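In this note's numbering, the protein residues as written are 1420 to 1647.
Below you can see the structure in the form of structure tokens.
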């Protein structure tokens, strides 16, 4: 088993690179690039997810469009000025590349953080229960990542009663979702949202059995029937 650093934000992805790498930013002489990776679901559909990766890893593995990438990292957020407004952007920050046969489940995330907005609970016309959650996950150097999550069924019923500041642990998958944004009375724009679809969660005070390292290893190495 490859050693994975203990942390409160872990992602494992395995998929196909579908866009060219574009320069994002540099840190102490090291360049970081953005690309998109297509990760297939059991249903045959796919999530196309944003990924940020060091130029050193790209060069070492000769990554390009069509290459398969298997990696661990973190689901991070940052603010970007778009049309004069600050917009929350999300990306999977790759920390280490792994062998292609590392895990069975190609899309897994485990997070531990704090609820930073009141959960929004609703039901669909087919009486399906859904709750939207925004959690703040602490990072080094007094930074935090703000991660939107969506819970279903009994998980939605559980989180609707949680309050801002409560600490939770959860696991699930990162999904992409297209939606139409109204620009004017006659114009709409197709956009993509990214969020964690929650499969398991617990209030942290009651999460004595929710060991983040163990949970990560279990989820990476199993595939369950998809609920959404």
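Ideal Cβ positions, reconstructed from N, Cα and C, are used throughout, including at glycine. Just so we're clear, the structure is a prediction, and the values are computed from it rather than from any experiment.
Going by C-alpha to C-alpha distance, which of the options sits closest to residue i?
{"i": "residue 1507", "options": "1459, 1614, 1541", "result": "1614"}
{"i": "residue 1623", "options": "1578, 1639, 1604", "result": "1578"}
{"i": "residue 1568", "options": "1641, 1596, 1634", "result": "1596"}
{"i": "residue 1452", "options": "1466, 1473, 1435, 1536", "result": "1473"}
{"i": "residue 1444", "options": "1431, 1558, 1497, 1549", "result": "1497"}
{"i": "residue 1492", "options": "1465, 1476, 1534, 1440", "result": "1476"}
{"i": "residue 1553", "options": "1576, 1523, 1524, 1584", "result": "1584"}
{"i": "residue 1494", "options": "1538, 1604, 1447, 1469", "result": "1469"}
{"i": "residue 1555", "options": "1573, 1536, 1549", "result": "1536"}
{"i": "residue 1570", "options": "1466, 1581, 1482", "result": "1581"}
{"i": "residue 1551", "options": "1601, 1538, 1448", "result": "1538"}
{"i": "residue 1434", "options": "1638, 1640, 1602, 1525", "result": "1525"}
{"i": "residue 1471", "options": "1509, 1463, 1546", "result": "1509"}
{"i": "residue 1637", "options": "1558, 1523, 1565, 1514", "result": "1523"}
{"i": "residue 1572", "options": "1642, 1482, 1607, 1547", "result": "1547"}
{"i": "residue 1576", "options": "1465, 1605, 1562, 1549", "result": "1549"}
Using the beta-carbon count (16 or more within 10 Å), is residue i buried or exposed?
{"i": "residue 1501", "result": "exposed"}
{"i": "residue 1442", "result": "exposed"}
{"i": "residue 1420", "result": "With a pLDDT of 40 at residue 1420, under the threshold of 50, the predicted position of this residue should be treated as unreliable, though the coordinate-derived value follows. So residue 1420 counts as exposed."}
{"i": "residue 1458", "result": "buried"}
{"i": "residue 1440", "result": "buried"}
{"i": "residue 1616", "result": "buried"}
{"i": "residue 1634", "result": "buried"}
{"i": "residue 1461", "result": "exposed"}
{"i": "residue 1431", "result": "buried"}
{"i": "residue 1484", "result": "exposed"}
{"i": "residue 1527", "result": "buried"}
{"i": "residue 1602", "result": "exposed"}
{"i": "residue 1446", "result": "exposed"}
Return helix, strand or coil for residue i, following the three-state DSSP convention.
{"i": "residue 1475", "result": "helix"}
{"i": "residue 1550", "result": "strand"}
{"i": "residue 1504", "result": "strand"}
{"i": "residue 1578", "result": "helix"}
{"i": "residue 1480", "result": "helix"}
{"i": "residue 1439", "result": "coil"}
{"i": "residue 1424", "result": "Note on residue 1424: pLDDT 45, under 50, position unreliable in the model; no value is reported."}
{"i": "residue 1564", "result": "strand"}
With a CB to CB cut of under 6 angstroms and the five nearest residues on each side skipped, what residues in its chain are close to residue i?
{"i": "residue 1619", "result": "1590"}
{"i": "residue 1574", "result": "1617, 1620"}
{"i": "residue 1586", "result": "1533, 1623"}
{"i": "residue 1437", "result": "1455, 1457"}
{"i": "residue 1557", "result": "1563"}
{"i": "residue 1448", "result": "none"}
Enumerate in chain order the residues of its own chain whose CB-to-CB distance from residue i is below 7 angstroms, with the five nearest sequence positions on each side excluded.
{"i": "residue 1480", "result": "1516"}
{"i": "residue 1450", "result": "1442, 1474"}
{"i": "residue 1598", "result": "1610, 1612"}
{"i": "residue 1600", "result": "1607, 1608, 1610"}
{"i": "residue 1512", "result": "1471, 1492, 1493, 1495"}
{"i": "residue 1482", "result": "1436, 1488"}
Take residue i and list the residues in its own chain whose beta-carbon comes closer than 8 angstroms to its own, dropping the five residues that flank it on each side.
{"i": "residue 1631", "result": "1425, 1426, 1427, 1429, 1529, 1531, 1588"}
Do residue i and the ligand FMN come close, with the Cβ less than 7 angstroms from some heavy atom?
{"i": "residue 1507", "result": "Here there are no bound small molecules, and the ligand FMN is not part of this structure."}
Under 8 angstroms, with one C-beta from each stretch per pair, do the region 1478–1493 and the region 1512–1525 reach the 3-pair mark?
yes
The region 1584–1603 / the region 1537–1547 touching (three or more Cβ pairs under 8 angstroms):
no
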